[in-house]
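Here numbering that gives the first Met the number 0 is used: the first residue of the sequence shown is 0, the next is one more, and so on.
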Amino acid sequence: MSCSKPGTRDRLTRFHIIPRSLKCSRSISSPSEKSLATSPFPISLRYAFLKKWWNIRPRPITMTSLNRKPTHLQAYYDSIWSSPHPERPVQEEILTRLHFQTSCRAFALECLGPLKGQRILEIGPGRGQETLLFAREGAQVYALDISSKSLELIKNLAKAHGVSAQITLIHADAERLPFRGGTFTRVFAQTTLMHTDFLQVARESARVLSPGGKAVFMEPLRSNPFLYLYRTLCSEFRSTAPCYLRLRDVRQMGRYFKAYFHREFYLTALIGLYLTEEKKTHREIKRNLERLDNWLTHKLPFLRSFCWMTVMSFEK
């Protein structure tokens with residue numbers, strides 16, 4: 000079959016637009032066609048790379064992968080919490096996160112409201128800093144974790160501070176909470192949903208909350224490309240294969256509650272990771288960067304997806 004307008008075809012291939020009427024079966028002969036056919040980066044590969052880089056394609060959570068995860072996570076965190084002093088790289092990453100995310104944690108605690116007399120379920124308490132804080136504020140705390148070593152640390156911590164009577168330890172999976180409906184007035188978790196089926200945890204949290212109760216989650220987001228590089232190449236927790244949240248995931252979780260809101264933290268303030276809290280000028284720079292973040296995310300809401308952390312508050 001011959002083409003009636005070869006010159007037109009050559010011009011159009013430069014823009015990758017070939018009308019169906021001009022397609023033919025002749026062999027490639029023109030220089031423009033040869034360069035297009037032998038390109039090391041075809042269009043399909045370029046689009047696939049962009050989709051992977053920006054995480055545009057949703058990653059479905061399969062029950063097969065979830066059923067394999069708890070055992071691996073339990074062994075991993077048991078190895079971390081089995082010693083009061085974890086390996087130095089892991090310890091440094093944990094302490095950096097705790098010391099840097101002060102404003103984020105303060106907002107999450109503010110969302111919980113007054114704690115005295117509350118029955119709080121804390122999912123994934125880790126080393127128990129918030130567990131101890133809740134107990135000191137007069138709450139009855141139920142600390143639930145898949146790691147038995149984490150619960151042992153909290154038990155010793157509670158005994159040392161004289162609040163053992165206010166803390167109950169539960170070794171269980173967050174996706175299958177062993178409680179009746181309406182048991183708690185508050186549910187709290189931080190950096191935990193990324194290891195779970197977050198929709199199942201949201202559903203279970205809504206079930207065990209009493210009417211008017213609140214669930215507050217503090218979680219990292221996944222869309223920032225610089226954080227993506229760090230998590231892929233450097234993070235000490237990359238072996239756990241966490242599935243970080245997107246803002247649309249927050250909206251899906253909100254379906255199980257009467258009302259919800261969320262606030263994002265640390266966009267430009269990520270620069271503060273390279274500053275020390277000991278220096279007054281560094282603390283001032285960090286505060287100013289956080290003010291800039293608040294202004295940017297208010298004026299340009301799409302930037303919220305690129306923040307490091309989000310705090311979600313759900314009300315039943």
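Ideal Cβ placement from N, Cα and C applies to all residues, glycine included.
Computed from a predicted model, the values in this text were never measured in an experiment.
Closest by C-alpha distance to residue i, when choosing among the options
{"i": "Y265", "options": "L295, H281, V249", "result": "L295"}
{"i": "W307", "options": "M193, K115, E129, S222", "result": "S222"}
{"i": "A214", "options": "Y259, A157, G125, F305", "result": "Y259"}
{"i": "F197", "options": "L111, R245, G180, K158", "result": "R245"}
{"i": "T267", "options": "N293, D144, T101", "result": "N293"}
{"i": "R303", "options": "K115, M252, Y227, L220", "result": "L220"}
{"i": "L156", "options": "C103, L111, G127", "result": "G127"}
{"i": "M311", "options": "L108, R262, A159", "result": "R262"}
{"i": "Y243", "options": "H281, I270, T309, R290", "result": "T309"}
As assigned by DSSP and simplified to three states, the class of residue i
{"i": "G125", "result": "coil"}
{"i": "G211", "result": "strand"}
{"i": "P219", "result": "strand"}
{"i": "R118", "result": "strand"}
{"i": "V162", "result": "coil"}
{"i": "L176", "result": "coil"}
{"i": "T37", "result": "Model confidence at T37 stands at a pLDDT of 46, short of 50, so the residue's coordinates are unreliable and nothing is read from them."}
{"i": "Y229", "result": "helix"}
Extent of the continuous alpha helix (DSSP H) run through residue i
{"i": "K285", "result": "279 to 298"}
{"i": "Q189", "result": "Unbroken run through Q189 is the beta strand (DSSP E), 183 to 189; no alpha helix (DSSP H)."}
{"i": "S81", "result": "Where S81 is concerned, there is no enclosing alpha helix (DSSP H), given that its DSSP letter is neither H nor E."}
{"i": "S311", "result": "According to the sequence displayed, residue 311 carries Met and not Ser. Not the alpha helix (DSSP H): M311 falls in the beta strand (DSSP E), residues 308 to 314."}
{"i": "R303", "result": "First-last for R303: undefined, no H or E at that position."}
{"i": "L246", "result": "246 to 252"}
For residue i, the first and last residue of its enclosing beta strand (DSSP E)
{"i": "I169", "result": "166 to 170"}
{"i": "Q139", "result": "139 to 144"}
{"i": "A258", "result": "258 to 264"}
{"i": "F106", "result": "Unbroken run through F106 is the alpha helix (DSSP H), 101 to 111; no beta strand (DSSP E)."}
Short Cβ contact (7 Å threshold) for residue i with residue j
{"i": "T182", "j": "V207", "result": "yes"}
{"i": "L168", "j": "L150", "result": "yes"}
{"i": "E121", "j": "F187", "result": "yes"}
{"i": "I166", "j": "V200", "result": "no"}
{"i": "P124", "j": "H194", "result": "no"}
{"i": "T184", "j": "R118", "result": "yes"}
{"i": "T130", "j": "I145", "result": "no"}
{"i": "F256", "j": "K298", "result": "no"}
{"i": "L143", "j": "A164", "result": "no"}
Residue i: CB within 6 Å of a non-hydrogen atom of the ligand GTP
{"i": "P124", "result": "With respect to the ligand GTP, the structure offers nothing, as it holds no ligand at all."}
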